[in-house]
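**Student:** Pasting a structure below so you can have a look.
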Amino acid sequence: MKISDIKVYPTWVGNRNQLLVKIETDEGVYGWGESGVSGRELAVKGAVEHYRQFLIGRDPRNPGALWQEMYRSQYFEGGRILTGAISAIDIALYDITGKALGVPIYQLLGGKQRDTIPCFATTGASSLEKLIENCRLLLDKGWSVIRTTPANRASTSRPHSDDPTLFEPRESIGVTAEWLTALRQELGPDPVLGIDYHHRLSVAETASFCQRMPSGTLDFIEEPIRDESPEAYESLRTMTDVPFAIGEEFASKWQFSPYLERGITQFARIDICNVGGFTESMKVAALAETHYIDLMPHNPLGPLCAAASVHMGAACPNFAWLESRMSPTENLGFQDPELFPTQLEADGDCVIVPDTPGLGVEVNEEKAAAQAFEFWEAPHLHRRDGSYTNW
0 MKISDIKVYP
10 TWVGNRNQLL
20 VKIETDEGVY
30 GWGESGVSGR
40 ELAVKGAVEH
50 YRQFLIGRDP
60 RNPGALWQEM
70 YRSQYFEGGR
80 ILTGAISAID
90 IALYDITGKA
100 LGVPIYQLLG
110 GKQRDTIPCF
120 ATTGASSLEK
130 LIENCRLLLD
140 KGWSVIRTTP
150 ANRASTSRPH
160 SDDPTLFEPR
170 ESIGVTAEWL
180 TALRQELGPD
190 PVLGIDYHHR
200 LSVAETASFC
210 QRMPSGTLDF
220 IEEPIRDESP
230 EAYESLRTMT
240 DVPFAIGEEF
250 ASKWQFSPYL
260 ERGITQFARI
270 DICNVGGFTE
280 SMKVAALAET
290 HYIDLMPHNP
300 LGPLCAAASV
310 HMGAACPNFA
320 WLESRMSPTE
330 NLGFQDPELF
340 PTQLEADGDC
350 VIVPDTPGLG
360 VEVNEEKAAA
370 QAFEFWEAPH
380 LHRRDGSYTN
390 W
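Residue numbers are given in numbering that gives the first Met the number 0: position 367 of the sequence shown equals residue 366, and the series is strictly consecutive.
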């Protein structure tokens, strides 16, 4: 079996693009993969086209060796754009191999350890009352792990702005801490409760935020600061007892290494479409297991990313929850059933581990080609003084 073509489809789904990659073979078996570098799909497309030049004619059933060749056969190895491209290709290669052998991908990774993959839901609100209402809805529907988002409004001491790109960290942490304290009192001790601050804070701001809530209010805080400096997170670790969930931006096992080996994070937010596909993800998972750290995969895209995350999660013993974008409080339209006529099946707050060969997802290629790429930018947040801050 030889690779005969690699096609790249940056296609608009829901309210942003997905970068879908199809690898075809001379025996008619094909595979699909996806890159996770949202907002820079054309850059990833270019990288895939570079790799295409030497992958045509190669055996797709050797994903580990091809991963090494793609990563090492250039002077400027690594980085999110290149590993985003490698991720999509690697996932598609595993899809082909699973189909060729007639087995689900998790069988290629050691077999499944669980029949269902537990998920967490995300909700935010413009008021405490609405936040409580949304969380009550999730609990009533059987969701026991809930992630919230920061309040993005001015404190009562400052004038409110209707500008959605205005974000003042100090004004956010006060009201968000107040809401979460009240939310925990309202929901009781049983639900798992976390927040994603999307690296919008500094070390001092994160410490202030955590210290404004009683211990035990939060079960995790996700990405409160940027990840470039493990030492900054180590400093923050001394200032709060809230568990950290870090890693969705990491593009290799090497980026994960200090966070896992030095106990900086308590949950590994691995993104299989960013870190290097199955080949790299399983190495990160094994390293995390040696330090008793559970996976909590980042899954913000569509059915291909979700399916790849499910197969990875099925094969790993150290697994907590998978991010879901299909809860009762959040449906972003990324699962377009016309574009993805075959998807994995959900059962409440879990995804059922499939028994179909490969990923278990099919793509309407004609629609993928027809849904034209549209330029999309993440919000460019600014502070009151006009300076830019993180989204």
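We put the CB at the ideal spot given by N, CA and C, even for glycine.
All of these numbers come straight from a predicted model, not from anything done at the bench.
Hey, which unbroken runs of the beta strand (DSSP E) at 3 residues or more fall wholly within the stretch 286-366?
**Tutor:** 349-351
**Student:** Assuming Ser86 contacts Asn273 (C-beta within less than 8 Å), just tell me the rounded distance between them.
**Tutor:** 6 Å
**Student:** Where are the alpha helix (DSSP H) runs, 4 residues long or more, that stay fully inside the stretch 225-260, in chain order?
**Tutor:** 229-236, 252-260
**Student:** Considering Cα atoms alone, identify which of Asp346, Met69, Asp139, Gly110 is closest to Arg51.
**Tutor:** Closest option to Arg51, Cα to Cα, is Met69.
**Student:** Considering only DSSP beta bridges, list what Pro9 is partnered with.
**Tutor:** Leu18
**Student:** Could you tell me if Gln67 is buried or exposed, where buried requires 16 or more neighbouring beta carbons within 10 angstroms of its beta carbon?
**Tutor:** exposed
**Student:** Which two residues bound the contiguous alpha helix (DSSP H) that contains Glu48?
**Tutor:** Per DSSP, the unbroken alpha helix (DSSP H) holding Glu48 starts and ends at 40-54.
**Student:** Could you say which of Val28, Gly63, Leu19 lies nearest to Val47 if we only look at CA atoms?
**Tutor:** Leu19
**Student:** Report the option in Ala313, Leu137, Ala377 whose CA atom is closest to the CA atom of Asp348.
**Tutor:** Leu137
**Student:** Between the stretch 182-193 and the stretch 222-229, can you find at least three pairs of beta-carbon atoms closer than 8 Å?
**Tutor:** no
**Student:** For Trp178, is the classification buried or exposed, using 16 other Cβ atoms within 10 angstroms of its Cβ as the cut-off for buried?
**Tutor:** Around the C-beta of Trp178, 16 or more other C-beta atoms lie within 10 Å, and the residue is accordingly described as buried.
**Student:** Quick check on Tyr74: does DSSP put it in helix, strand or coil?
**Tutor:** coil
**Student:** From which residue to which residue does the beta strand (DSSP E) around Ala179 run?
**Tutor:** Correcting the residue identity first, residue 179 is Leu in this sequence and not Ala. Counting along the chain, Leu179 falls outside any beta strand (DSSP E), though it belongs to the alpha helix (DSSP H) covering 168-186.
**Student:** Specify the secondary structure class of Asp189 as computed by DSSP and reduced to three states.
**Tutor:** In the structure shown, the three-state DSSP call for Asp189 is coil.
**Student:** Name the one or two DSSP bridge partners that Cys209 has.
**Tutor:** DSSP, once it has assigned bridges, lists no residue as partnering Cys209.
**Student:** Which residues in the same chain have their Cβ closer than 6 Å to the Cβ of Asp25, if we skip the five residues on either side of it in sequence?
**Tutor:** So the list reads Lys1, Ser3, once near-sequence residues are dropped.
**Student:** Thinking C-beta only, is Leu108 closer than 7 Å to Ala305?
**Tutor:** no
**Student:** Which partner residues does Leu165 have in the DSSP bridge list?
**Tutor:** His381
**Student:** Out of Pro149, Ala176, His310, Arg211, which one is the CA nearest neighbour of Gly97?
**Tutor:** When each option's Cα is compared against that of Gly97, the closest is His310.
**Student:** Between which residues of its own chain and Leu303 is the CB-CB distance below 6 Å, once the five residues before and five after are set aside?
**Tutor:** Trp31, Glu33, Val360
**Student:** Please list the terminal residues of the continuous alpha helix (DSSP H) segment that includes Ser86.
**Tutor:** 79-100
**Student:** Quick one: is the Cβ of Ala307 within less than 6 Å of any heavy atom of the ligand MN?
**Tutor:** As presented, the structure is devoid of all ligands, the ligand MN included, so that no description of it is given.
**Student:** Using DSSP with H/G/I as helix, E/B as strand and the rest coil, what is Trp375?
**Tutor:** coil
**Student:** Tell me the residue span of the beta strand (DSSP E) that contains Glu33.
**Tutor:** For Glu33, the enclosing beta strand (DSSP E) stretches over residues 29-34.
**Student:** Taking 6 Å as the limit between beta carbons, can you name the residues of its chain near Glu247, skipping five residues before and five after?
**Tutor:** Arg268, Asp270, His297
**Student:** Counting along the chain, where does the alpha helix (DSSP H) carrying Arg113 start and finish?
**Tutor:** For Arg113, no alpha helix (DSSP H) run applies, since DSSP gives it neither H nor E.
**Student:** Does DSSP classify Arg221 as helix, strand or coil?
**Tutor:** As written in the sequence, residue 221 is Glu, which differs from the Arg given in the question. If DSSP states are grouped into helix, strand and coil, Glu221 belongs with the strands.
**Student:** Tell me whether the beta-carbon of Thr82 lies closer than 7 Å to the beta-carbon of Gly275.
**Tutor:** yes
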